[in-house]
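Peer 1: In the numbering used here, the protein residues as written are 3 to 306.
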């Protein structure tokens, strides 16, 4: 693999992780009002943990976005690592769709960091974050992230319908996978009753999101591949099948959590730790999906 492809793939993977941390954090913050309990010290600590998680991944995503811009410049200049600082090529990339995507993602990460700072300030003064403000910021963030993916990738040449489908697909996937790490931490900090409520609400929400995720994913895959023969005989199609295998595994784990492990939280003393380990396995599967997606969008293409 050429060095620039490897660097761009690595930075893109870090951008995915940064975006997933923000999107998943917003999803969990919006679920807080549905947990009918009196805010306890452990719950406040968990909220602080989510903020730390969002802040860390937003900073990683911010840095990765900047690096990705310079890597794209270097790849186009074809003059070694010094080519990353070629001002002419920088201006060309900045004025292209790549520049628009980079600027939009920088704005997403900066807004996310400002939101985290605002909520930190509120929690330090024992002020409950306003759910409506969180919802408005989350909608803006989700829409902005979806927009950046509409500007790049293999669906750019397709009808705008597929661009919107990709935006929905990406936002759901990032939010779901990004929520997994805080959920695994919740298994340590929240009481069984509160954890059960959280997981039940997350499970109910996941049903609708997963159905939509699969629908738009199938629509996009069919439009990009075209035939079953291409799916089985092309490198891109085989990579999609591998990705589908990981998606199937993560869906089976999610179903196991909802129908088996979550009900046991109220009756089995070790259920929370079992659930935590299972969520961590789900996180590894999610990371594999990110890696395959980065390869599909960086190294391979539908023509492969």
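For every residue, glycine included, the Cβ atom is placed at its ideal position computed from N, Cα and C.
Residues in its own chain within less than 6 Å of residue 62 by CB, not counting five upstream and five downstream?
Peer 2: Here residue 62 corresponds to residue number 60 of the chain shown, with the count starting at 1. Cβ neighbours of residue 62 beyond the five flanking positions: 16 and 20.
Peer 1: Could you check the C-alpha separation between residue 298 and residue 128 for me, to the nearest Å?
Peer 2: Taking the first residue of the chain shown as 1, we reach residue 298 at position 296. Taking the first residue of the chain shown as 1, we reach residue 128 at position 126. Going by the C-alpha atoms only, they are around 45 Å apart.
Peer 1: Near residue 103, what residues of its chain come up, given a Cβ to Cβ distance below 7 Å and the 5 sequence neighbours on each side ignored?
Peer 2: In the chain shown, residue 103 corresponds to position 101, counting from 1. Correct list, in chain order: 150, 153 and 154.
Peer 1: Smallest Cα separation from residue 210: which of 244, 257, 130 and 112?
Peer 2: Translated into the one-based positions of the chain shown, residue 210 becomes position 208. For residue 210, the nearest C-alpha among the options comes from 257.
Peer 1: Between which residues of its own chain and residue 32 is the CB-CB distance below 8 Å, once the five residues before and five after are set aside?
Peer 2: Here residue 32 refers to the residue found at position 30 of the chain shown. Excluding sequence neighbours, residue 32 sits near 133, 136, 137 and 140.
Peer 1: Quick check: what's the CA-CA separation for residue 194 versus residue 29?
Peer 2: The count along the chain shown starts at 1 and reaches residue 194 at position 192. The count along the chain shown starts at 1 and reaches residue 29 at position 27. Rounded to whole angstroms, residue 194 to residue 29 spans 21 Å at the Cα level.
Peer 1: Along the chain, where does the alpha helix (DSSP H) containing residue 168 start, and where does it finish?
Peer 2: Taking the first residue of the chain shown as 1, we reach residue 168 at position 166. Looking at the DSSP string, the run of the alpha helix (DSSP H) that includes residue 168 is 162-180.
Peer 1: Quick one: give me the first and last residue of the alpha helix (DSSP H) that residue 83 is part of.
Peer 2: On the chain shown, residue 83 is found 81 positions in, with the first residue counted as 1. That residue, residue 83, is in no alpha helix (DSSP H); it is neither H nor E in DSSP.
Peer 1: Which of the three DSSP states is assigned to residue 70 in this structure?
Peer 2: Against the chain shown, residue 70 aligns to sequence position 68. Residue 70: helix per DSSP, three-state reduction.
Peer 1: DSSP on residue 88, reduced to helix/strand/coil?
Peer 2: Working through the chain shown from its first residue, we reach residue 88 at position 86. Three-state DSSP puts residue 88 in coil, outside helix and strand.
Peer 1: Leaving aside the five residues before and after residue 75 along the sequence, list all residues of the same chain whose C-beta is less than 6 Å from its C-beta, in chain order.
Peer 2: For the purposes of this step, residue 75 is taken as the residue at position 73 of the chain shown. Around residue 75: 86, 91, 92 and 95.
Peer 1: Give me the Cα-Cα distance between residue 100 and residue 198, rounded to the nearest whole angstrom.
Peer 2: Sequence index remark: in the chain shown, residue 100 carries index 98 (1-based). Sequence index remark: in the chain shown, residue 198 carries index 196 (1-based). In a straight line, the C-alpha of residue 100 is about 43 Å away from that of residue 198.
Peer 1: According to DSSP, simplified to helix, strand and coil, what is residue 129?
Peer 2: On the chain shown, residue 129 is found 127 positions in, with the first residue counted as 1. The answer is coil: DSSP assigns residue 129 none of H, G, I, E or B.
Peer 1: Classify residue 9: buried if its beta carbon has 16 or more other beta carbons within 10 angstroms, exposed otherwise.
Peer 2: For this step, residue 9 is matched to residue 7 along the chain shown. Residue 9 should be labelled buried.
Peer 1: Quick test of the definition: if touching needs 3 or more C-beta pairs under 8 Å, does the stretch 250-268 touch the stretch 280-295?
Peer 2: In short, these stretches touch, since the Cβ pair count reaches three.
Peer 1: Please classify residue 13: does DSSP put it in a helix, a strand, or coil?
Peer 2: Here the question's residue 13 lines up with position 11 in the chain shown. Three-state DSSP puts residue 13 in a helix.
Peer 1: Tell me where the alpha helix (DSSP H) around residue 282 begins and ends.
Peer 2: What you label residue 282 is simply residue 280 of the chain shown in a count that begins at 1. Taken as a continuous stretch (DSSP letters only), the alpha helix (DSSP H) holding residue 282 covers 273-300.
Peer 1: Considering only C-alpha positions, which residue in the set 264, 259, 219 and 73 is nearest to residue 246?
Peer 2: Locating residue 246 in the chain shown gives position 244, counting from the first residue. Taking only the C-alpha atoms, the option nearest residue 246 is 219.
Peer 1: Could you tell me if residue 111 is buried or exposed, where buried requires 16 or more neighbouring beta carbons within 10 angstroms of its beta carbon?
Peer 2: As a first step, residue 111 must be located in the chain shown, where it is residue number 109. It is buried - the Cβ of residue 111 has at least 16 other Cβ atoms within 10 Å.
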